[in-house]
Amino acid sequence: MTILGLEKILLKSFASWEPIFLKDTKVVVDGSDLVGYLHDNFSTALYGGENLLFYMAIRSFFLNLKYSNVEPYFILRGCCPVNDNGVKFRQKRISASLSQIATASKLNAPDLMPLLLSLSAMDVFQDALDEFNWKRVRVKSFPTVICSAVAKILQCPVIGLSSDYFALMSKNQNILFNNLTSQPSFNPTYLTLRLSNVNLRSVNGLSENSNTKLNTNDERMLLFHKFIPKHSVLAKISDFHMPLFVTLLGTDTVQSLRLPLELQKKLRALDLTPYNERRLSLLFQWFSQFQLNSIKPLEDVINCYSDKQHASVIQSIIHSISRFICPLEETRML
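Sequential numbering from 1 applies to the sequence shown in full-length UniProt numbering.
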């Protein structure tokens, strides 16, 4: 599941980020995001050495986790050994990626180029995991949902790139990658991340509102940026309504559903605010009118369609909500 354009909508309303050191805690790591991020930022085009910086970045990140006494749980997709069915699935994805490359080339649109990870890069990441013996779980798809579910059980943050985490963990803890500074391998790298709605104590006696600068020379702590989403709309939506709210925002499963006529009129009104932001604001105001566990919003959306369309619309909504709550995919321990 991917919530279309969510990060661009939400980041405009976010409050300031506050620096904080993370230590002595568990953390769930979205392995797919981590591999893609490190490979994209720390790999070279040198023949025979394309994975060297990639490996150094991975190992530096793992050392930071170890020295900060952070216990990671890696959720992996396509970053570990696969069986025959997995190979066929991977070949299918590679074929789709080649098609995307051809389309992007014809349109002269480099932004549409898919990020490709070589099998050797995945092997490098797997070898690094084996070296440190971190806990890991393999999933076929939807790692964001699995990461969020595990993090809620463990009551810990998530490290990931997807903007879906803003919705999946709007009332819990969330970490998003920001940037990573490369340092010599013997000196653990400092990982600068954006940390959303996390209830962790600042070190060295710093309070949440303290303006004191943190000691960035401490080599045994991970530097993050803490965020308290006081103005985040998603944090104010009830857990019961959240899956439907996200579905109405638009996802890769259901890109657009009809809204009640009153909302459609407001959306069509002249306004300089971007359409996606208006849709988010109107949906929030609309949901706030209902009781926390009311099914009235769902009924109103379904009634926007004719009787003949009800079955297909309901099926689409159920599919989107089920992917948001829990993907119907098996996982296995490695």
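Every residue, glycine too, gets a C-beta built ideally from N, C-alpha and C.
{"query": "Would Val-28 and Val-158 be called neighbours here (beta carbons separated by less than 7 Å)?", "result": "yes"}
{"query": "Would Asp-24 count as contacting chain C if we go by Cβ distances under 7 Å?", "result": "No chain C appears in the structure shown, which is made up of a single protein chain."}
{"query": "Look up Pro-297 in the DSSP assignment and say whether it is helix, strand or coil.", "result": "helix"}
{"query": "Within its chain, find whatever has a CB closer than 8 Å to the CB of Val-150; leave out the 5 residues flanking it on each side and keep chain order.", "result": "Val-28, Tyr-73, Ile-75, Val-137"}
{"query": "What whole-angstrom Cβ distance do Val-124 and Tyr-37 have, given they're in contact under 8 Å?", "result": "Actually they do not touch by this definition, with Cβ atoms about 14 Å apart."}
{"query": "Give me the Cα-Cα distance between Asn-51 and Phe-61, rounded to the nearest whole angstrom.", "result": "15 Å"}
{"query": "Name the two residues that bound the continuous beta strand (DSSP E) containing Tyr-305.", "result": "Tyr-305 -> no beta strand (DSSP E), and no H or E assigned at all."}
{"query": "So what does Leu-76 bridge to, in DSSP terms?", "result": "Arg-138"}
{"query": "Could you pull out every residue in the same chain whose Cβ sits closer than 8 Å to the Cβ of Phe-66, ignoring the five residues on either side in sequence?", "result": "In the sequence under discussion, the amino acid at residue 66 is Lys, which differs from the Phe named in the question. Within the same chain, Lys-66 has close Cβ partners Phe-132."}
{"query": "What separation, rounded to the nearest whole angstrom, lies between the Cα atoms of Ile-314 and Met-242?", "result": "17 Å"}
{"query": "Could you tell me the boundaries of the beta strand (DSSP E) in which Lys-26 lies?", "result": "25 to 30"}
{"query": "Determine the extent of the alpha helix (DSSP H) in which Ile-58 is found, giving its start and end residues.", "result": "52 to 67"}
{"query": "May I have the straight-line CA-CA distance separating Pro-143 from Asp-30, to the nearest angstrom?", "result": "7 Å"}
{"query": "Taking the alpha carbon of Leu-244 as the reference point, which residue from Lys-236, Ile-318, Leu-34, Leu-161 has its own alpha carbon closest?", "result": "Ile-318"}
{"query": "Considering only the beta carbon of each residue, do Leu-248 and Leu-261 sit closer than 7 Å?", "result": "no"}
{"query": "Distance, Cα to Cα, Ser-320 vs Ala-167?", "result": "14 Å"}
{"query": "With DSSP collapsed to three states, give me the class of Gly-250.", "result": "coil"}
{"query": "Under a Cβ-count criterion, where at least 16 other Cβ atoms within 10 Å of its own Cβ denotes burial, should His-39 be classed as buried or exposed?", "result": "buried"}
{"query": "In terms of DSSP beta bridges, what is Val-145 paired with?", "result": "Answer by DSSP bridge pairing: none, since Val-145 is not bridged."}
{"query": "Return the CA-CA distance between Ala-128 and Val-254, expressed in angstroms with no decimal places.", "result": "38 Å"}
{"query": "What is the DSSP secondary structure of Phe-186, counted as helix, strand or coil?", "result": "Residue confidence is low: Phe-186 scores 35 on pLDDT, short of 50, so the model does not pin down where it sits. Its coordinate-derived value is still stated next. Phe-186 falls in the coil class under three-state DSSP."}
{"query": "Considering only the alpha carbon of each residue, which of Gln-126, Cys-147, Cys-156, Pro-274 lies closest to Ser-162?", "result": "Cys-147"}
{"query": "Under 7 Å, do Lys-26 and Glu-71 count as touching if we go by C-beta distance?", "result": "yes"}
{"query": "Are the CB atoms of Phe-240 and Leu-292 within a distance shorter than 7 Å?", "result": "yes"}
{"query": "Where do the ends of the alpha helix (DSSP H) carrying Gln-264 lie?", "result": "261 to 268"}
{"query": "Please list, in chain order, all residues of the same chain as Tyr-305 whose beta carbon is under 8 Å from its beta carbon, the five residues on each side excluded.", "result": "Arg-258, Val-313"}
{"query": "Considering only DSSP beta bridges, list what Val-70 is partnered with.", "result": "Thr-25"}
{"query": "Using the Cα positions of Leu-280 and Leu-298, report the straight-line distance between them to the nearest angstrom.", "result": "17 Å"}
{"query": "Under the rule that 16 or more other beta-carbon atoms within 10 Å means buried, what is Tyr-165, buried or exposed?", "result": "buried"}
{"query": "With a 10 Å radius around its C-beta and 16 neighbouring C-beta atoms as the bar for buried, classify Arg-268 as buried or exposed.", "result": "exposed"}
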